[in-house]
Every structure is written in C-alpha cells, then in structure tokens.
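Trainee: Okay, handing you the structure first.
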Amino acid sequence: MNFMNNVVLCENNKLVAQVAKLSGMSSIEAAKSLSALERFTTSDFRKIRRADKEGKNEGNVKILNNFMHKMPAYDGDIYRGMSFSEKSIKSFIKQLKPHGDYTLDSVTSFTCDPKIAETYSGHCYQVVIRVKHNHSGVSISDFSAMYSESEVLVPKGTKYEVTNVPKEVKLGKVNYVDLEEISIEGNNFEHN
Numbered sequence: 001m002n003f004m005n006n007v008v009l010c011e012n013n014k015l016v017a018q019v020a021k022l023s024g025m026s027s028i029e030a031a032k033s034l035s036a037l038e039r040f041t042t043s044d045f046r047k048i049r050r051a052d053k054e055g056k057n058e059g060n061v062k063i064l065n066n067f068m069h070k071m072p073a074y075d076g077d078i079y080r081g082m083s084f085s086e087k088s089i090k091s092f093i094k095q096l097k098p099h100g101d102y103t104l105d106s107v108t109s110f111t112c113d114p115k116i117a118e119t120y121s122g123h124c125y126q127v128v129i130r131v132k133h134n135h136s137g138v139s140i141s142d143f144s145a146m147y148s149e150s151e152v153l154v155p156k157g158t159k160y161e162v163t164n165v166p167k168e169v170k171l172g173k174v175n176y177v178d179l180e181e182i183s184i185e186g187n188n189f190e191h192n
C-alpha cells in the first residue's frame, strides 16, 4: 500500500469512528452509512431518491434512513433551493396553502446556508424553501463528498406546516417559502 492509500484509509477510519460515536452504531454499520452517503452525494442521488419515492426496498435507502434515525438532528434553520419553469411554479405554489401542510416524498437534501440554497434556485422562477426549527434533518457536511454545500439530509415523510408563501413569485428574483416542521409520517422517527 502506498502513502496516499494509507492517508485515505486513516481518514476513513476517523470518519467511521466519528459516526459510530455520534450514532451509537457499530463500526461496520457506520462504514456502510458512509458508503451510502458517498453514493448519495455523488453519482446516485437521483436513483436513491427515486427508489425512496417509489417505496422500493433499496439498500442505500434503508442504510440512509438508519443513519438519519441514529444521528443527532441538525439544530437550526435549513434551506432548499429549487428552480421552476413558468408552468411548474404555478403548480408548486398552488399546492402550498398558508397553514396547510407539505410532506417530503423522498429523502431530500437541504443546506444550513441560505446563500448555497440561492445558488441552487436557478435562474428562472427561483424558490428557496426555508425551514424554521429543523428537528429531523441530519448534517452530513463532515461526511459528504460535497462538504462545501453544508448539506443537511432530511428523511422521507417529514411533514411541515406552510407558514409563508409569496403572493406572487417573481421571475429572476429569489422567492422564499417558509415552512415549520410538524412531524415525520409513517414511523416514530426519533433521533439519538
């Protein structure tokens, strides 16, 4: 084994130990979680989200759900940037009624940095979802291949109350939609 392989192995062992300590997982479970996170934060995020949305019993989904269940929740507000066409923004806004609810249909990436969310809101109809008082999302920035995104992973079924929707979404301007977390549907999802 060469020097670089030893450095990478040492770094991986530190991350495994960190996840195991924070979550109470075994080292093997923690290593599997880190592998699933690497796949989610690089090439397979669409595939994993689609499997979760469709309710498929996909291995990475199970591992990520276990990880989110066992890790401590991120304490703070979180943001998600989204870009829409004219047609899709109307449909999206129509489903958001003040004091109504909004439920995630799959594991979803947010960030704890509003500026990062704004960069993901595109250039057309730009929306940033701002969640006050996150309870379910888990920070993965220390474990993510995309550490600079300050990513927070939120499980499928997380339910929010819509607290603010812009009366009109303006083209070329970042429009904020405010949500507050209520609960997670489908299971008693409690963090460590």
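full-length UniProt numbering puts the first residue of the sequence shown at 1, with every later residue one more than the last.
C-beta: ideal position from N, C-alpha, C; glycine also.
A quick note: this is a predicted structure, and the numbers were derived from the prediction, not measured.
1) So the candidates are Lys90, Arg50, Leu171 and Asn134; which of them puts its Cα closest to the Cα of Tyr125?
2) Whole angstroms is fine: what's the gap from Arg46's alpha carbon to Glu181's?
3) Which whole-angstrom value describes the C-beta separation of Val152 and Gly81, a residue pair presumed to lie in contact below a C-beta threshold of 8 Å?
4) Taking the alpha carbon of Ser150 as the point to measure from, which residue in Pro114, Glu54, Pro98 and Ala17 has its own alpha carbon closest?
5) Just the Cα atoms here: how many angstroms apart are Leu22 and Lys167?
6) Is it buried or exposed, Ala73, if we count other Cβ atoms within 10 angstroms and call 16 or more buried?
7) Return helix, strand or coil for Val61, following the three-state DSSP convention.
8) Beta carbon of Gly76, beta carbon of Val162: below 8 Å?
9) Mind checking Gly137: buried by the 16 CB within 10 Å criterion, or exposed?
10) Per DSSP, what kind of secondary structure is Leu9 in: helix, strand or coil?
11) Under 7 Å Cβ to Cβ from Leu15, same chain only, skipping five residues before and after it: list those, please.
12) Is the distance from the Cβ of Asn65 to the Cβ of Asp44 below 8 Å?
13) Does the separation of the CB atoms of Ser154 and Leu104 fall below 8 Å?
14) Where DSSP assigns a beta bridge to Asn164, which residues make up the other side?
15) Count the other CB atoms within 10 Å of the CB of Lys32; is the residue buried (16 or more) or exposed (fewer)?
16) What are the boundary residues of the beta strand (DSSP E) that includes Thr103?
17) Might you give, ordered along the chain, the residues of its own chain that have their beta carbon closer than 6 Å to the beta carbon of Ile89, omitting 5 neighbours on each side?
Mentor: In brief:
1) With distances taken between CA atoms, Tyr125 lies nearest to Leu171 out of Lys90, Arg50, Leu171 and Asn134.
2) Going by C-alpha positions, Arg46 is about 24 Å away from Glu181.
3) By a beta-carbon distance limit of 8 Å, Val152 does not contact Gly81. Their separation comes to about 13 Å.
4) Closest in alpha carbon position to Ser150, among Pro114, Glu54, Pro98 and Ala17, is Pro114.
5) In this structure, the alpha-carbon of Leu22 lies about 42 Å from that of Lys167.
6) Classification for Ala73: buried.
7) In the three-state DSSP reduction, Val61 falls in the helix class (H, G or I).
8) For Gly76 and Val162, no; Cβs fall outside 8 Å.
9) Looking at its Cβ environment, which holds 16 or more other Cβ atoms inside 10 Å, Gly137 is buried.
10) In this predicted model, Leu9 has a pLDDT of only 46, less than 50, meaning its place in the structure is not dependable enough to derive any value.
11) Correct list, in chain order: Leu34 and Phe143.
12) In this structure, Asp44 does not lie closer than 8 Å to Asn65 by Cβ.
13) Here residue 154 is Val; the residue named in the question, Ser, does not match the sequence. Yes, these two residues count as a Cβ contact at 8 Å.
14) Among the bridge pairs identified by DSSP, Asn164 is matched with Asp178.
15) By the neighbour-count rule (16 or more Cβ atoms within 10 Å), Lys32 is buried.
16) It spans Asp101 to Thr103 - the beta strand (DSSP E) in which Thr103 sits, taken as one unbroken run.
17) Result list for Ile89: Tyr125 and Val169, in chain order.
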